[in-house]
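A.B. asks: So that we are looking at the same thing, I have put the structure below in structure tokens.
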Amino acid sequence: MALQATTRIDTQGTLQTTGNALDMALDGDGFFQVTMPGGQLGYTRAGNFSRSAEGTLVTAQGYALNPAITIPEGASAITVAQDGTVSATVAGSAEPTALGQITIASFANPGGLRSMGDNFLQETAASGAAQVGVAGELGRGNIRQGYLEGSNVNVVEELVDMIETQRAYEINSKMISAVDEMLQNANQTL
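For the sequence shown, this note's numbering assigns the number 297 to the initial residue and increments by one for each residue that follows.
Take a look at the structure:
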């Protein structure tokens, strides 16, 4: 039996608190936009960001957010508002300084995005062009700082489906064996 197709489940996963100021989850529709190797754009819902050696916010794989957000050395009290505005208290300033705004990409047909692996997706003709804008506007989800989006797979349901598939395979296998045995008996009696 050959694999016919894979299906991507685009429903919202549960938000899990991490307490890490650079972890971000999208509460609703949309994708973080990142710059991939070679300068192409990629899209992801994985919000486990960190500060690179150069100070930019990057994914676990080292891909920078687009537009880039740079956090100065020694910055403290980093906050990310629901609309993506990033602020931090920098040395020599008592008030938080705005560092930039994380934008969110949405697509006319998110199911048309092509998987690139490691939770990254790529725009295609089927997905339509990315519509990039402010989180919380025009149907885009809000950004939740200190959270990560958990899996959207119902493990129990998937296990039940797998067991049903296995049983169907076993029944078909037994039927084929029974037919083979009947044909052998028929050949021997002739």
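C-beta: ideal position from N, C-alpha, C; glycine also.
Find out if the Cβ-Cβ distance for the pair Ala-371, Thr-355 is shorter than 8 Å.
C.D. replies: For the purposes of this step, residue 371 is identified with residue 75 of the sequence shown, where counting begins at 1. For the purposes of this step, residue 355 is identified with residue 59 of the sequence shown, where counting begins at 1. No, the Cβ-Cβ distance between Ala-371 and Thr-355 is not below 8 Å.
A.B. asks: Within the same chain, show all residues whose beta-carbon is closer than 7 Å to that of Thr-381, passing over the 5 residues directly before and after it, in chain order.
C.D. replies: To locate residue 381, count along the sequence shown from 1; it is residue 85. The answer, listed in chain order, is Ala-394 and Gln-397.
A.B. asks: My output table needs one value for Thr-313: the three-state DSSP class, helix, strand or coil.
C.D. replies: Translated into the one-based positions of the sequence shown, residue 313 becomes position 17. Note: Thr-313 maps to strand in three-state DSSP.
A.B. asks: Can you list, in chain order, the residues of its chain with a C-beta nearer than 6 Å to that of Ser-423? Leave out the 5 residues immediately preceding and following it.
C.D. replies: Here residue 423 refers to the residue found at position 127 when the sequence shown is read from its first residue. Here the set comprises Phe-403, Asn-405, Gly-408 and Leu-409.
A.B. asks: In the structure shown, what three-state DSSP assignment does Thr-355 receive?
C.D. replies: To locate residue 355, count along the sequence shown from 1; it is residue 59. Residue state, collapsed to three classes: coil.
A.B. asks: Once DSSP output is grouped into helix, strand and coil, what is the label at Asp-306?
C.D. replies: Taking the sequence shown and counting its residues from 1, the one referred to as residue 306 is at position 10. Residue state, collapsed to three classes: coil.
A.B. asks: With a CB to CB cut of under 7 Å and the five nearest residues on each side skipped, what residues in its chain are close to Thr-331?
C.D. replies: Translated into the one-based positions of the sequence shown, residue 331 becomes position 35. Cβ within range, chain order: Leu-337, Tyr-359, Ala-360 and Asn-362.
A.B. asks: With distances taken Cα to Cα, identify the nearest neighbour of Gly-429 among Phe-416, Thr-461 and Thr-399.
C.D. replies: Numbered from its first residue, the sequence shown carries residue 429 at position 133. Measuring from the Cα of Gly-429, the nearest candidate turns out to be Thr-399.
A.B. asks: Could you compute how far the alpha carbon of Gly-326 sits from the alpha carbon of Thr-313?
C.D. replies: What you label residue 326 is simply residue 30 of the sequence shown in a count that begins at 1. What you label residue 313 is simply residue 17 of the sequence shown in a count that begins at 1. Straight-line Cα distance between these residues: approximately 20 Å.
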